Each structure stands twice: as C-alpha cells, then as structure tokens.
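Worksheet for the structure shown next.
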C-alpha cells in the first residue's frame with residue numbers, strides 16, 4: 003500500500019498488491035519510513051505490519067531503516083530496461099485486484115447490504131475510486147483482476163442460509179464480466195460450489211455428508227471443520243473441493259445435479275474417473291455455467307463492456323444494481339453507444355415497468371435516439387426510453403435477475419445460441435463449440451497399429467522361445483564362497499544361448515562387503531560380466 007500511494011493506510015483503503023512491473027518508478031517517492039522486521043525474507047515479506055501485512059517492500063538489508071519509496075525506486079531503476087522492453091510495455095502480470103470493489107460486491111451478493119449501496123454509499127464510492135485512480139496513474143487497470151470468489155476467502159454461498167441460492171453466483175458472474183478489469187473466476191463457481199459439508203431438504207433441514215468409515219480421530223476432526231462451514235472464518239480446507247466424482251473431498255453445490263454427489267470419505271482418489279464429458283460434477287447445463295458461456299462471447303464482441311467507468315442508473319428498488327457502460331469510456335468508436343447492466347438481488351426478480359435514469363451528457367440523447375433496446379442474455383426482453391420521464395423502461399418476457407441491454411440495431415445472433423452479441427464484434431468471435439469434442443470417434447487407425455504391435459511382439463517371443471534347457475537357482479541362505487566343479491554337461495555340447503534370464507531378490511558378495519537389493523542389482527551384474535574371463539557364460 004505504501005509503495006503505491008506513498009502513505010500508510012488501513013487495510014481495504016487501496017487494492018491488495020500482487021506484483022508490479024510498470025513503466026518506471028512510483029511517482030510518490032518521498033514519504034515516511036518503514037522499519038523492516040526479521041519476518042522479511044528476500045524480495046517479498048511482511049514489512050510494515052501496521053499496514054496490514056500487505057506490502058512487499060524488503061529489497062535490501064532488513065535491519066536498516068530506510069524510506070520504502072526510495073528502496074522501491076532503486077528496484078524500479080534496475081527493472082526499467084526490462085519493463086520497457088515488454089511488448090506491450092506494461093506490467094508483466096496483473097498488478098493487483100481491487101479489494102474494495104471485490105469486498106463491497108461480495109457483501110451485497112451475500113445479502114448484507116442493498117444492491118444500490120454500491121453507488122449510494124459515499125465511503126464505498128470514494129474508496130473504489132481511489133483504488134482506480136492509483137491504477138490509472140501508475141499501471142494498466144484493464145489488466146487487473148476482477149473476481150467475486152478467490153482461494154483467499156470463503157465462497158459466496160458458504161454463508162449460512164444461502165447455500166442453495168444459485169442465482170447469487172449467476173449475478174456475480176455477470177457483474178465480473180461487466181464491472182472493469184479482467185474477469186477472473188475461482189474454479190467451481192461455474193458449478194455452484196458452496197464449500198458446505200451439508201445437504202439441505204425442501205424445509206431447510208441439513209444432514210452431514212461425512213462417511214463414518216474412517217478412523218475416529220479423522221472423523222471427529224472433519225466433523226469439527228464442517229461445523230464451521232457457514233462462518234466467515236471457516237477452515238481453509240472448505241474453500242477447496244474435488245471437481246471429480248472419484249475424489250474423497252466432494253463438498254456441496256447449489257446445483258442439484260452436482261449436490262447429489264456431495265460426500266466426504268477416507269479413500270484415495272479414483273485412478274479412472276469418468277471422461278470429463280461424462281463427469282457428473284461438470285454439469286454444463288446449469289444456469290451459472292450457461293451465463294458465463296454467454297457473457298464470455300458477449301464481452302468479447304462488445305468492447306463497450308470493458309470501460310473503466312460505471313455510471314449509476316438510479317431506480318426505485320434498492321435490490322437492483324444498475325449501471326451504464328459508455329462507449330466513450332471504453333476507448334472505442336464502433337459498437338453500441340451504451341449498454342445498461344441490471345443485476346437483481348433480494349427476494350424478487352427484475353421487474354417490468356421499472357424506470358432507470360440515463361447517463362448525463364451527450365450519451366442520453368444518443369440513447370434516446372437509439373430506440374428499442376434488447377437484452378443480450380434474453381433477446382425476448384426489450385426496453386425503451388420513456389420520453390416524458392427521460393428514463394429507460396424495460397419489459398421482461400420471463401423471470402430473470404440479470405440483463406445487458408444494448409440498442410436492438412447493434413445486436414446480432416451468435417450462431418445457434420439463445421443469446422445475442424454486439425454486431426460490430428460478432429465477426430471476431432470463433433465458431434461456437436459443438437458437441438464434437440465429447441463424441442466418441444472411430445479409432446480404427448490406432449486399433450490397427452496396436453494390433454500390429456501386439457502381433458510383432460508375439461511373433462518375436464514365439465520365434466525365440468526354443469531353448470535347450472532352463473536353469474533355476476534359488477538361494478535361500480548365505481553360503482561359503484568356494485570354487486565348485488561345474489556339474490552340468492560339457493560346455494561344448496550346449497549351443498549358443500538364445501537368451502539369458504536373470505532373476506534375483508538380493509545379491510551378496512561378502513568379500514567385497516557388497517549387499518545389493520533388486521534396485522541396484524543390474525549394475526552389480528553388469529560389472530561381474532565385465533570382470534568375467536572371456537568365454538561363454
């Protein structure tokens with residue numbers, strides 16, 4: 003935090019730093035000092051614990067008190083030639099993710115605050131804007147992560163009472179695609195993972211999904227962890243779960259087809275899980291997955307959604323988060339002039355007849371002139387500007403909590419998909435994936451090659467199977483080393499051997515103090531053959 007802003011702030015005031023390789027040293031290079039403590043190792047550490055432990059600032063002697071910005075500036079001077087050589091010139095990795103936007107949205111998604119608070123709470127707006135300003139000033143904000151779930155925090159649905167609310171993840175997915183930054187998803191969100199050890203019936207009653215066929219100590223420990231699954235500080239293990247039915251750690255999901263496999267048991271992961279196309283935990287028909295699939299195409303075809311500015315579309319309901327994305331803020335000249343994103347929370351879906359304010363300035367006139375708007379996620383939903391009130395009024399053909407409206411004249415079909423995309427970017431989209439990758443294909447060439455290989459090996463074995471005799475020696479106890487007369491037939495009467503088979507569990511050479519197990523026996527035998535007098539063995 004100090005590195006980016008030049009001042010010590012409380013956690014949450016600015017985004018969490020991941021890594022940074024920018025265009026030069028930070029502009030704030032004169033400020034307070036920070037004393038590195040012994041916990042700092044190498045280039046990354048916990049310097050400035052009063053800053054929340056977020057700062058990676060130890061670049062020199064950890065026992066020397068120095069102004070952090072000066073130390074960072076030295077690092078940047080060393081890295082500047084490398085950073086300048088990047089193509090495009092900029093951070094080598096996402097600089098950081100905006101913790102403020104992330105945390106505020108999660109609190110709304112979990113029902114702790116009204117959806118409208120994202121725009122009406124002045125403190126929230128100031129905090130989010132400050133984070134964005136830092137990025138604009140010193141990095142590339144479009145490259146920053148934007149996500150609603152991560153490995154560092156509990157899953158959205160892990161909170162008690164909302165474990166089966168799949169719609170919350172659908173709304174979170176659309177928000178991630180339309181806020182700003184790079185849409186980033188923690189695995190399992192698209193399958194409704196909720197980090198719960200319980201299953202719930204229609205009356206809300208829960209039952210523990212934990213097998214009793216394990217050691218009592220393990221069962222008790224897992225049961226104790228599961229008891230914390232509905233709390234914000236739940237164990238770290240509940241943030242992760244297996245994605246395949248062959249795994250031992252299958253936690254809950256809000257998607258019924260996935261939830262029915264929830265089970266924790268003491269076993270090794272199955273060596274042969276189903277092919278991913280048939281894996282029941284990868285249900286690609288659920289609403290969250292389908293929303294992500296649609297939004298991935300929509301965002302790619304609609305650069306207007308990548309703008310850094312979210313202009314509030316005020317409405318009467320506090321349960322709706324509504325904002326405009328403007329073409330001018332996305333830095334593009336083609337495509338729709340604006341897009342309206344509607345996200346519905348609370349106990350009801352988006353309402354027909356609700357009114358949403360237009361953005362200020364020239365955009366309002368362009369939106370009014372555009373005429374009818376269409377919901378890209380559900381083309382049967384439309385909206386028009388009520389000229390008497392100067393507000394956009396949508397009409398929904400079916401119940402929904404998410405909508406992305408653009409002028410109908412700017413929308414186009416996307417193959418045979420149920421959604422629409424922006425006409426200006428439709429040609430840049432790759433073909434929609436079909437079911438071909440999951441369809442079994444005749445592998446006759448591979449079959450013929452395998453059959454030929456087996457036939458050749460069998461022929462070689464049969465052809466070389468003839469031999470005069472097989473000699474087997476089993477050593478069951480140590481024996482004294484002595485020279486024995488060879489008891490077999492005259493060596494001259496034996497034809498050249500076809501094969502030599504050597505099998506041993508342990509080989510001992512007492513005189514050399516050598517005792518070799520099967521692992522190193524080959525080397526010993528090889529050396530013995532090398533030392534053997536010339537002749538037949």
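In the working numbering, the protein residues as written are 3 to 539.
Glycine included, C-beta positions come from ideal geometry on N, C-alpha and C.
Predicted model only: the values in this text are computed from it and were never measured.
In the DSSP assignment, what are the bridge partners of residue i?
i           : result
residue 422 : 415
residue 388 : 393
residue 404 : 345
residue 212 : 266
residue 325 : 314 and 343
residue 458 : For residue 458, which the question treats as bridged, DSSP gives no partner whatsoever.
residue 623 : Residue 623 is absent from the structure shown; the chain starts at 3 and stops at 539.
residue 185 : 148
residue 201 : 209
residue 195 : 255
Is residue j closer than 7 Å to residue i when the C-beta atoms are compared?
i           : j           : result
residue 370 : residue 393 : no
residue 304 : residue 424 : yes
residue 540 : residue 299 : The question about residue 540 has no answer, for the chain in this structure spans 3 to 539.
residue 352 : residue 342 : no
residue 356 : residue 384 : no
residue 365 : residue 405 : no
residue 361 : residue 306 : no
residue 332 : residue 324 : no
residue 377 : residue 347 : no
residue 111 : residue 170 : yes
residue 166 : residue 256 : yes
residue 179 : residue 77  : no
Straight-line CA distance for residue i to residue j?
i           : j           : result
residue 197 : residue 113 : 18 Å
residue 452 : residue 275 : 24 Å
residue 372 : residue 327 : 15 Å
residue 208 : residue 239 : 20 Å
residue 435 : residue 218 : 48 Å
residue 28  : residue 144 : Because the pLDDT of residue 28 is 35, which lies under 50, any placement of that residue in the model is unreliable, and the number read from its coordinates should be weighed accordingly. Rounded to whole angstroms, residue 28 to residue 144 spans 19 Å at the Cα level.
residue 466 : residue 455 : 17 Å
residue 410 : residue 420 : 15 Å
residue 223 : residue 251 : 14 Å
residue 161 : residue 168 : 13 Å
residue 309 : residue 382 : 26 Å
residue 228 : residue 123 : 35 Å
residue 163 : residue 101 : 25 Å
residue 81  : residue 141 : 15 Å
residue 389 : residue 125 : 34 Å
Grouping DSSP H, G and I as helix and E and B as strand, with all else coil, what is residue i?
i           : result
residue 430 : coil
residue 44  : Low confidence applies to residue 44: its pLDDT is 30, below 50, so where it sits in the model is not reliable, and the reading given next is rough at best. Looking at residue 44 - three-state DSSP - the assignment turns out to be coil, as it is neither helix nor strand.
residue 409 : strand
residue 158 : helix
residue 362 : coil
residue 120 : helix
residue 148 : strand
residue 142 : coil
residue 2   : A question about residue 2 goes unanswered here, because the residues of the chain that appear run from 3 up to 539.
residue 257 : coil
residue 276 : coil
residue 334 : coil
residue 107 : helix
residue 227 : helix
residue 513 : helix
residue 243 : coil
residue 284 : coil
residue 383 : coil
residue 80  : helix
residue 271 : coil
residue 114 : coil
Under the assumption that residue i contacts residue j (Cβ atoms under 8 Å), give the Cβ distance between them as a whole number of angstroms.
i           : j           : result
residue 118 : residue 320 : 4 Å
residue 192 : residue 290 : 5 Å
residue 254 : residue 272 : Contact doesn't hold; Cβ gap of about 20 Å is too wide.
residue 241 : residue 153 : 6 Å
residue 184 : residue 147 : 6 Å
residue 243 : residue 190 : 7 Å
residue 265 : residue 213 : 7 Å
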